[in-house]
Structures are given as structure tokens and as C-alpha cells.
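Residue numbers (the working numbering): 38 to 185.
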């Protein structure tokens, strides 16, 4: 989208401003999505691992608390990264903050509503694979980057 927006248009094309306004943001939004996903999922993964260790891998209510708490942290980071990177300077700050708050709440509500299905699915996969690891944070490398 960026390349198409930079290349001069045909002589009959008179909609460059509309193109730039609508599709010109696409590279910024894609970058924001990727960055927010990496940051949010990393926090979510580390949080669920550490909470599982603290709770000694318990299932049931403890597992549900882990799922919601780790999602709350991960989605907070996801939202806090995505919206400013994608829309700061495009959307007025008060509107951006309101949107961020609404989206964050919607993500948490969705997690709570999906909890019965996600818990059942996680337990099914653990039973099917026969694997349910509890990582010890002292011996687990949470480094996001590969070391040489």
C-alpha cells in the first residue's frame, strides 16, 4: 500500500488524497499489529507460566484465574502498544484513550465469556498429549530473543 501510494498515479487518477487517507495508514497499522502481538503475547505467556508455578499447576478455579489474569496483562500491553503506534496523531488523544479503554474491557469480557470453552480445550489438549508442564521461573529462560 505504501509503495502504490508513492508511485505517481495515472493522469486520470484524482483520488490520491482519499487513497492516502484510507490505505496510506495500512503499513503503520500492520507494524502496530505485529509489535503489539509480540509484546502482548510475550507478557501473556510469561504471566501464565509464572502464575501456574505459583499455583502449583492447579486446575479448576486456579486455572481460570490464571487464564483471566494473564490475558488481562497481555491484552493491556497489546492495547497500550497497538493504539498509539497505529493511531497517535491521527485520532485525538481523548478519543484514542476512550477507544483503548473500551477495547481493553471488551477483550477481558470476551476472555471471561470464552473461559468455559478455553479451559475445557486446554485440559483436553493436555490429556490428549499427556503433557502438563509447570515451569520453574528460576530455571526457565523467558528471553524473547535467541542467544548465540
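Cβ atoms here follow ideal geometry from the backbone N, Cα and C, with glycine treated the same way.
Would you say residue i and residue j are within 9 Å of each other, going by their C-beta atoms?
i, j, result
"residue 200", "residue 42", "Shown here, the chain extends from 38 to 185; a query on residue 200 therefore has no answer."
"residue 68", "residue 127", "no"
"residue 174", "residue 103", "no"
"residue 47", "residue 114", "no"
"residue 152", "residue 75", "no"
"residue 118", "residue 77", "yes"
"residue 156", "residue 92", "no"
"residue 133", "residue 124", "yes"
"residue 83", "residue 179", "yes"
Using CA atoms only, rank isn't needed, just tell me which of the options is closest to residue i.
i, options, result
"residue 142", "124, 151 and 112", "112"
For residue i, list the residues DSSP reports as bridge partners.
i, result
"residue 125", "128"
Quick one: measure Cβ to Cβ for residue i and residue j, integer angstroms, because I've assumed they're closer than 8 Å.
i, j, result
"residue 97", "residue 171", "No, residue 97 and residue 171 are not in contact; Cβ-Cβ is about 15 Å, not under 8 Å."
"residue 195", "residue 120", "Summary: the structure shown does not reach residue 195, with the chain confined to residues 38 through 185, and so no result is reported for it."
"residue 116", "residue 140", "6 Å"
"residue 108", "residue 145", "7 Å"
How should residue i be labelled, buried or exposed, when 16 other C-beta atoms within 10 angstroms of its C-beta is the threshold for buried?
i, result
"residue 148", "buried"
"residue 89", "buried"
"residue 63", "exposed"
"residue 176", "exposed"
"residue 168", "exposed"
"residue 49", "exposed"
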